[in-house]
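Reading through the structure tokens given below for one structure.
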Amino acid sequence: MKQKKKAEKIIFESEKDVPLMPISLGPMLWNRTGAWRNIRPEINLTECIQCGICWKFCPDVAIAIENEFPVIDYDYCKGCGICAEECPTKCIAMVEERK
Amino acid sequence: MKSEAQKKERTMKLSLPTEELMSSGNLACQGCGATLAMRYVLKALGQKTALCIPACCWSVIDGPFPYSTLDVPIFHCAFETAASSAAGLKAGLEMVGDTETTVVAWAGDGGTFDIGIQALSGAAERNDDILYICYDNEAYMNTGIQRSSATPYGAWTTTTPVKHFKNRPKKDIDAIMAAHRIPYQATASIGYPEDLYKKTKKAKEIKGTRFMHIYAPCPSGWKSRPEDTIKLARMAVQNCVFPLYEVEFGEKYTLNIKPREKKPIDDYLKLQGRFHHLTEEHIKMIQEEVDRNWGRLLRRVDAC
Numbered sequence: 001m002k003q004k005k006k007a008e009k010i011i012f013e014s015e016k017d018v019p020l021m022p023i024s025l026g027p028m029l030w031n032r033t034g035a036w037r038n039i040r041p042e043i044n045l046t047e048c049i050q051c052g053i054c055w056k057f058c059p060d061v062a063i064a065i066e067n068e069f070p071v072i073d074y075d076y077c078k079g080c081g082i083c084a085e086e087c088p089t090k091c092i093a094m095v096e097e098r099k
Numbered sequence: 100m101k102s103e104a105q106k107k108e109r110t111m112k113l114s115l116p117t118e119e120l121m122s123s124g125n126l127a128c129q130g131c132g133a134t135l136a137m138r139y140v141l142k143a144l145g146q147k148t149a150l151c152i153p154a155c156c157w158s159v160i161d162g163p164f165p166y167s168t169l170d171v172p173i174f175h176c177a178f179e180t181a182a183s184s185a186a187g188l189k190a191g192l193e194m195v196g197d198t199e200t201t202v203v204a205w206a207g208d209g210g211t212f213d214i215g216i217q218a219l220s221g222a223a224e225r226n227d228d229i230l231y232i233c234y235d236n237e238a239y240m241n242t243g244i245q246r247s248s249a250t251p252y253g254a255w256t257t258t259t260p261v262k263h264f265k266n267r268p269k270k271d272i273d274a275i276m277a278a279h280r281i282p283y284q285a286t287a288s289i290g291y292p293e294d295l296y297k298k299t300k301k302a303k304e305i306k307g308t309r310f311m312h313i314y315a316p317c318p319s320g321w322k323s324r325p326e327d328t329i330k331l332a333r334m335a336v337q338n339c340v341f342p343l344y345e346v347e348f349g350e351k352y353t354l355n356i357k358p359r360e361k362k363p364i365d366d367y368l369k370l371q372g373r374f375h376h377l378t379e380e381h382i383k384m385i386q387e388e389v390d391r392n393w394g395r396l397l398r399r400v401d402a403c
């Protein structure tokens, strides 16, 4: 089982902590791209037929499958609207982002 | 919500594995096709993969130092050296006894069609054991939508403005690679993820230079709506602008998806702002060009 990754920024205390080679030390999860969004997708689960198409076509890996139903991670959803466009039953609505 | 969920007894059947080697928080634009291409390819290749990425959109999407959005090692190399860096990486891995790792050169269309073509041609000629993947968004999108030789006829870019739009057709990179007689090459599209997954799996098992050409629409550069990314990728296959086929040893052509009826190109062009200036005459010319290419491909498939 894979460990869950931390969504933290990496801070170097001093110059000595910086690696000699520019290598990556952590994931980009600290970058909450949800702030880019103007419209947000909302799934009406009563009409969901569990086809998994929204999960398959999400470019930001922001849709997870939990208990056999899609769940949107609003921390990272950029609001592109691909899921709403591709949904065969059109049960995903794009609504104006709340302030 | 939960009680309604329990009423349904259907189980979810996913057509792709759930393992994700790409994490959220990447720096791609909304509705990016290249991100999807990477997601599907990594699902097929698995953890034992090393990537060589030259200057392209993906060198930005991946994130700045010291972060990376991918769970596999990446080597950022110079623009023109994607194929030769990958060949060197593979040779180095073999020296230390690692024969399992798949080394992938992951370049955009600029790094494949224009700048990286000599390194790619050299690697293909030596038949180095690498998988070269070109995700094709039809211009230099990373630097601000400049024309590349993958840009199709009639398209607007910042270096081919509306009054002087590109008047040359797209370079046929697949024919160039077929002329190298490499063991396996394929075209794939993010509109058909299962097909892309299957082809990547197949390419992984083959030794020698493998080439994959993935069609990845770019909403920012094509001036299309972000939600139309998948639709455009699917339309390009349905109206034969970008047919999906495989070639083995430069001879055996296999057509994967043959549209039931070939759709006219108009709807596909209308969805993209970069083609808005075209007149009926130009569209007719593009349609003729597409028909000619499609006929040529069908003849090649039939000859096998």
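Same order as they appear, the protein sequences are chains C and L.
Take 1 as the starting number for the first sequence in this note's numbering and just add one per residue.
Take 100 as the starting number for the second sequence in this note's numbering and just add one per residue.
A virtual CB, placed ideally from N, CA and C, is assigned to each residue, including glycine.
Every value quoted in this text rests on a predicted model; they were computed, and no experiment measured them.
- For residue 395 (chain L), the number of other beta carbons within 10 angstroms of its own is below 16, and it is reported as exposed.
- Annotation note: the region 2–82 of chain C contains the following uninterrupted beta strand (DSSP E) runs of length 3 or greater, listed N- to C-terminal: 39–43, 63–66, 69–72.
- When DSSP reads this structure, residue 169 (chain L) sits in a beta bridge with L:121.
- Contact between residue 346 (chain L) and residue 402 (chain L) is absent: CB atoms are separated by about 12 Å, not below the 8 Å threshold.
- Its Cα nearest to that of residue 320 (chain L), the residue L:246 stands out among L:224, L:214, L:246, L:165.
- Of all alpha-carbon atoms in C:95, C:90, C:98, the one lying nearest the alpha-carbon of residue 46 (chain C) is that of C:90.
- Less than 8 Å separates the beta-carbon of residue 289 (chain L) from that of residue 135 (chain L).
- Pairwise C-beta distances place the region 205–215 of chain L in contact with the region 147–167 of chain L, as three or more of them are shorter than 8 Å.
- Along the region 263–333 of chain L, the beta strand (DSSP E) occurs as fully enclosed runs of 3 or more residues at 283–288, 309–314, listed in sequence order.
- The alpha-carbon of residue 334 (chain L) is positioned some 10 Å away from that of residue 342 (chain L).
- Residues of chain L whose Cβ lies closer than 8 Å to the Cβ of residue 87 (chain C) do not exist; the shortest such Cβ separation is about 11 Å.
- Here the alpha carbons of residue 111 (chain L) and residue 65 (chain C) stand approximately 9 Å from one another.
- Shortest Cα-Cα distance from residue 5 (chain C) to any of L:169, L:115, L:375, L:185 involves L:169.
- Just measuring C-alpha positions, the residue of L:224, L:392, L:125 sitting nearest residue 307 (chain L) is L:224.
- Contact annotation: residue 57 (chain C) and residue 86 (chain C) have beta-carbon atoms nearer than 8 Å.
- Scanning chain L for C-beta atoms nearer than 7 Å to the C-beta of residue 59 (chain C) yields 127, 130, 131, 134, 135, reported in chain order.
- In the displayed model, residue 235 (chain L) falls within a strand according to three-state DSSP.
- Within a 10 Å sphere around the beta-carbon of residue 375 (chain L) sit fewer than 16 other beta-carbons, which makes this residue exposed.
- Nearest Cα to residue 83 (chain C) within the set C:50, C:27, C:26: C:50.
- If the five residues before and after residue 33 (chain C) are omitted, its C-beta is found closer than 7 Å to the C-beta atoms of 60, 76, 78, all from its own chain and listed in chain order.
- Closer than 8 Å to the CB of residue 31 (chain C) there is at least one CB belonging to chain L.
- Residues of chain C whose Cβ lies closer than 8 Å to the Cβ of residue 329 (chain L) are, in chain order, 57, 82, 85, 86.
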